[in-house]
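Engineer:
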Amino acid sequence: MDTVNPLLVSSASGLKMDVNGGEMRKNPTLICAPLMADSIDKMVTLMAKAKATTADLVEIRLDSLKNFNPFEDLNVLIKQSPLPTLFTYRPVWEGGQYDGDEKKRLDVLRLAMELGADYIDVELKVAHEFIKSIGGKKPEKIKVIVSSHNYQSTPSVVELGNLVVKIQSTGADIVKIATTAIDITDVARIFQITVHSQVPIIGLVMGERGLISRILCTKFGGYLTFGTLEGGVVSAPGQPTINDLLNLYNFRQLGPDTKVYGIIGKPVGHSKSPMLYNEAFKSAGFNGVFVHLLVDDLEMFLQTYSSTDFAGFSCTIPHKETAVKCCDEVDPVAKSIGAVNCIIRRQSDGKLFGCNTDYIGAISAIEDGLQAGYNMSSAAGSPLAGKLFVVIGAGGAGKALAYGAKQKGARVVIANRTYERARELADVIGGDALSLDDLARFHPEDGMILANTTSIGMQPNIDQTPMPKDALKYYSLVFDAVYTPKITRLLREAKETGATIVSGLEMFIGQAYEQFERFTGLPAPKEQFRRTMSKY
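Residue numbers (this note's numbering): 796 to 1331.
Rendered as structure tokens:
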């Protein structure tokens, strides 16, 4: 049986609308703000903040309070809350902070129920006994959530299914299962359980690898998700902020038909791709969402999320080369480069098509930099023709830049920490190789071009650089593929030595144009991309 979500009403169009008259929504999934504070006054202040974020309800974590007088304090919290309330009094044995008498703890939850709470959360271990004890005294409006938390892993689909049955058998109104992601593919099992559930269910996966469970629960029919009031202040690992749910992921606009896109990488949390694509999807009225995907094993990820709903991916370090092997079909240029940074899942047959948009983005940005810096005319062919072009790094991005520069007539040199990898790439594209240690002493001529394609200097290691400052004077232009921060130490020092600099942001925006068009079939909103990135 499906419980109607009491906080929403249906409009004639079938879209859901806030009872408070808020924005139209395409899903009934609620946003709950978990509140943790050591005093009632602070708790009341946080409730007002939650209301301002347009959260649907608040979870009051009673176990975070220092001095707690149940009857008096529960009355204040329930009467003063501007939003529906969910009371949780989490014991230490289920990952909470309460370490007192069990009978007293359950008495407090019963009291919250009698005083007018909208929801209470009871742990599976004590749920049978608790629900039996309230018998016929349960008020009509209250919903009992029975929860199970697994801080080690995510069980198999069969075990999760059995767990749902066990929770249901307690008499729960709403089933809550929170597990932990060891790998991002663990989340697929929770999606499977959620989408097939016959009862209202909250299915969330903790940790950075579980983030998509907290966003895509809208697509798979989850009852609610948790969003924090501010970054870093979480009641469970991996919770996004309410602001990100609403404004970055367009949470209210996601539904069963929403296509999922994402940036696959490790690390990946620094990527600005979700900001870029989600804003563009929203403006274009395109029913898609773009998420961070922290992936350890690319092949396993693509096999697990094989539905055409997972429609396209940007690919970053360290998966660009593996991606070539994982695709059913690879664009000839990407094959020559040996790296794929964009994967499209064909809607007709689910086959994976890989291409490379890195080299176009980077090479165009470098050409523009040369033309602007030296007043060259673009009519005279590429300003890279005949130039000595030094690429640091022999990974996916290094291969793309080396290939692109060679296509434009540059003489290419590959520098890498391990000389063998540099030699390998140099042989493939027809260039020279150096070890990174020898690069500082390499200056056969002045006016060379330098392109860093490694992650040296990326946040949080912003004081690192692949090249000593005094060696930069031999270069007329320096490009850095790193774009967090926008001006890396390498670029700052290159500018001080008089070189033209090109930020990785230019490559990032350039490569995103083609990806957006491949993802959506719509023209890329170039001006909007620039505006979005200028905010960061």
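Here a beta-carbon is modelled for each residue, glycine too, at the ideal position from N, C-alpha and C.
Along the chain, where does the beta strand (DSSP E) that runs through Ser1230 open and close?
Structural biologist: As a working mapping, residue 1230 is identified with position 435 in the sequence shown. That run of the beta strand (DSSP E) goes 1227–1230.
Engineer: Quick one: any contact between the region 1159–1170 and the region 1186–1193, if contact means 3 or more CB pairs under 8 Å?
Structural biologist: Flag = no, the region 1159–1170 and the region 1186–1193 do not touch.
Engineer: In angstroms with no decimal places, state the Cα-to-Cα distance between Ile1010 and Gln1166.
Structural biologist: Residue numbering aside, residue 1010 sits at position 215 when the sequence shown is read from its first letter. Residue numbering aside, residue 1166 sits at position 371 when the sequence shown is read from its first letter. Their Cα atoms are separated by approximately 43 Å.
Engineer: Under the rule that 16 or more other beta-carbon atoms within 10 Å means buried, what is Ser943, buried or exposed?
Structural biologist: If you number the sequence shown from 1, residue 943 lands on position 148. Looking at its Cβ environment, which holds 16 or more other Cβ atoms inside 10 Å, Ser943 is buried.
Engineer: Apart from the five residues on each side of it in sequence, which residues of its chain come closer than 8 Å, Cβ to Cβ, to Gly809?
Structural biologist: In the sequence shown, the residue the question calls residue 809 occupies position 14. Because Gly809 sits at a pLDDT of 35, beneath the cut-off of 50, its placement in the model cannot be relied upon, and the point is left open.
Engineer: Quick check on the DSSP output: what are the complete beta strand (DSSP E) runs of length 3 or more inside the region 865–908, in order along the chain?
Structural biologist: For the region 865–908, whole beta strand (DSSP E) runs of length 3 or above, ordered along the chain, are 880–883.
Engineer: Whole-angstrom Cβ separation of Arg885 and Gln892, contact assumed at under 8 Å?
Structural biologist: For the purposes of this step, residue 885 is taken as residue 90 along the sequence shown, with counting starting at 1. For the purposes of this step, residue 892 is taken as residue 97 along the sequence shown, with counting starting at 1. That belief holds up - the Cβ atoms of Arg885 and Gln892 are roughly 7 Å apart, short of 8 Å.
Engineer: Let's test the definition: count the other Cβ atoms within 10 Å of the Cβ of Gly1057 and tell me whether it reaches 16, buried, or not, exposed.
Structural biologist: Residue mapping note: residue 1057 aligns to position 262 of the sequence shown, counting from 1. The residue is buried, with at least 16 neighbouring Cβ atoms inside 10 Å.
Engineer: Can you list, in chain order, the residues of its chain whose CB lies under 6 Å from that of Asp1126, leaving out five sequence neighbours each side?
Structural biologist: For the purposes of this step, residue 1126 is identified with residue 331 of the sequence shown, where counting begins at 1. Around Asp1126: Cys1150.
Engineer: For Met796, which residues of its own chain have a beta-carbon under 6 Å away from its beta-carbon, when the five flanking residues on both sides are left out?
Structural biologist: Locating residue 796 in the sequence shown gives position 1, where the first residue counts as 1. With a pLDDT of only 34 at Met796, under the threshold of 50, the placement of this residue in the model should not be trusted; the figure read from the coordinates follows. For Met796, where only same-chain residues beyond five positions count, there are no Cβ hits under 6 Å.
Engineer: Based on Cα-Cα distance, which residue from Asp1233, Ile1158, Ala1235, Ala1210 lies nearest to Lys1203?
Structural biologist: In the sequence shown, residue 1203 corresponds to position 408, counting from 1. When only C-alpha atoms are compared, the closest one is Ile1158.
Engineer: If you compare alpha carbons, which of Pro1280, Tyr1269, Arg1236, Lys1268 is closest to Ile1251?
Structural biologist: Taking the sequence shown and counting its residues from 1, the one referred to as residue 1251 is at position 456. Among Pro1280, Tyr1269, Arg1236, Lys1268, the Cα nearest to that of Ile1251 is on Pro1280.
Engineer: Where are the beta strand (DSSP E) runs, 3 residues long or more, that stay fully inside the region 1068–1125, in chain order?
Structural biologist: The region 1068–1125 contains these whole beta strand (DSSP E) runs: 1083–1089, 1105–1110.
Engineer: Please classify Phe1311 as buried or exposed, where buried requires at least 16 neighbouring CB atoms within 10 angstroms.
Structural biologist: Within the sequence shown, the letter at position 516 stands for residue 1311. Result: buried.
Engineer: Does the distance from the CB of Phe882 to the CB of Ile915 come in under 7 Å?
Structural biologist: On the sequence shown, position 87 is the one that residue 882 refers to. On the sequence shown, position 120 is the one that residue 915 refers to. The answer is yes: Cβ separation under 7 Å.
Engineer: Taking the DSSP output, what are the residues bridged to Ala1210?
Structural biologist: As a first step, residue 1210 is located in the sequence shown; it is residue number 415 there, counting from the start. Beta-bridge pairing links Ala1210 to Ile1187, Leu1229.
Engineer: Could you tell me the distance, in whole angstroms, from the CA atom of Arg1141 to the CA atom of Gly1316?
Structural biologist: Translated into the one-based positions of the sequence shown, residue 1141 becomes position 346. Translated into the one-based positions of the sequence shown, residue 1316 becomes position 521. Each residue's alpha carbon lies about 12 Å from the other.
Engineer: Give the straight-line distance between the Cα atoms of Gln1306 and Ile1155, rounded to the nearest whole angstrom.
Structural biologist: On the sequence shown, residue 1306 is found 511 positions in, with the first residue counted as 1. On the sequence shown, residue 1155 is found 360 positions in, with the first residue counted as 1. One C-alpha to the other measures close to 6 Å.
Engineer: Which partner residues does Gly1149 have in the DSSP bridge list?
Structural biologist: Indexing the sequence shown from 1 puts residue 1149 at position 354. Note: Gly1149 sits in a beta bridge opposite Val1125, Ile1138.
Engineer: Suppose only complete runs of 4+ residues qualify. What are the alpha helix (DSSP H) ranges in the region 1214–1277, listed by chain order?
Structural biologist: For the region 1214–1277, whole alpha helix (DSSP H) runs of length 4 or above, ordered along the chain, are 1214–1224, 1231–1234.
Engineer: With distances taken between CB atoms, is the gap from Val941 to Ala922 smaller than 7 Å?
Structural biologist: Position 146 of the sequence shown, counted from the start, is the residue given in the question as residue 941. Position 127 of the sequence shown, counted from the start, is the residue given in the question as residue 922. Their beta carbons are under 7 Å apart, which means Val941 touches Ala922 by this criterion.
Engineer: From this set, Gly1017, Thr1295, Pro1035, Asn1256, which residue's C-alpha is nearest Leu1267's C-alpha?
Structural biologist: Here residue 1267 corresponds to residue number 472 of the sequence shown, with the count starting at 1. For Leu1267, the nearest C-alpha among the options comes from Thr1295.
Engineer: Is the separation between the beta-carbon of Ala976 and that of Gly1005 shorter than 7 Å?
Structural biologist: For the purposes of this step, residue 976 is taken as residue 181 along the sequence shown, with counting starting at 1. For the purposes of this step, residue 1005 is taken as residue 210 along the sequence shown, with counting starting at 1. Yes, Cβ-Cβ distance for Ala976 and Gly1005 is below 7 Å.
Engineer: Are Tyr946 and Gly1002 touching if we call contact CB-CB under 7 Å?
Structural biologist: Mapped onto the sequence shown, residue 946 falls at position 151. Mapped onto the sequence shown, residue 1002 falls at position 207. For Tyr946 and Gly1002, no; Cβs fall outside 7 Å.
Engineer: Taking the straight line between their C-alpha atoms, what separation do you get for Ile1282 and Cys1121?
Structural biologist: Translated into the one-based positions of the sequence shown, residue 1282 becomes position 487. Translated into the one-based positions of the sequence shown, residue 1121 becomes position 326. Near 34 Å, if we compare the C-alpha coordinates of Cys1121 and Ile1282.
Engineer: Residue range of the beta strand (DSSP E) that Val1055 falls in?
Structural biologist: Here residue 1055 is taken as the residue at index 260 of the sequence shown, counted from 1. Note, Val1055: beta strand (DSSP E), 1054–1060.
Engineer: Please report the distance separating the alpha-carbon of Lys1321 from that of Gly1225.
Structural biologist: Taking the first residue of the sequence shown as position 1, residue 1321 is located at position 526. Taking the first residue of the sequence shown as position 1, residue 1225 is located at position 430. Looking at the two C-alpha atoms, the distance is approximately 34 Å.
Engineer: Measuring CA to CA, which of Pro1263, Phe1303, Glu1301, Lys971 is closest to Arg1287?
Structural biologist: Here residue 1287 refers to the residue found at position 492 when the sequence shown is read from its first residue. Ranking the options by Cα distance to Arg1287, first place goes to Pro1263.
Engineer: May I ask you to report which of helix, strand or coil DSSP gives Glu1322?
Structural biologist: In the sequence shown, residue 1322 corresponds to position 527, counting from 1. Note: Glu1322 maps to helix in three-state DSSP.
Engineer: Leaving aside the five residues before and after Ala1129 along the sequence, list all residues of the same chain whose C-beta is less than 6 Å from its C-beta, in chain order.
Structural biologist: The residue given as residue 1129 occupies position 334 in the sequence shown. Counting only Cβ-Cβ distances below 6 Å, and skipping sequence neighbours, we find Val1135, Gly1149, Cys1150, Asn1151.
Engineer: Does the pairing of the region 1036–1056 with the region 1081–1088 give three or more beta-carbon distances under 8 Å?
Structural biologist: Yes, they touch.
Engineer: What is the DSSP secondary structure of Gly816, reduced to helix, strand or coil?
Structural biologist: Translated into positions along the sequence shown, residue 816 becomes position 21. The predicted model places Gly816 with a pLDDT of 41, which falls under 50 and marks its position as unreliable; any figure quoted below should be read in that light. Coil at Gly816, not helix or strand.
Engineer: By DSSP's criteria, Leu825 is part of a beta bridge. Which residues make up the other side?
Structural biologist: Counting from one through the sequence shown, the residue named residue 825 turns up at place 30. Bridge partners of Leu825: Leu1019.
Engineer: Pop quiz: Ile962 and Val970 are said to be a contact at Cβ under 8 Å. What is the actual Cβ separation, rounded to whole angstroms?
Structural biologist: Reading the sequence shown from its first residue, position 167 is the one you call residue 962. Reading the sequence shown from its first residue, position 175 is the one you call residue 970. Contact flag correct, Cβ pair sits at about 5 Å.
Engineer: Would you check if there are 3 or more beta carbon pairs closer than 8 Å linking the region 825–844 to the region 1008–1027?
Structural biologist: The region 825–844 vs the region 1008–1027: in contact.
Engineer: Starting from His795 and walking both ways along the alpha helix (DSSP H), at which residues does that stretch end?
Structural biologist: Look at the range of the chain in this structure, 796 to 1331, and you will see that residue 795 is not part of it.
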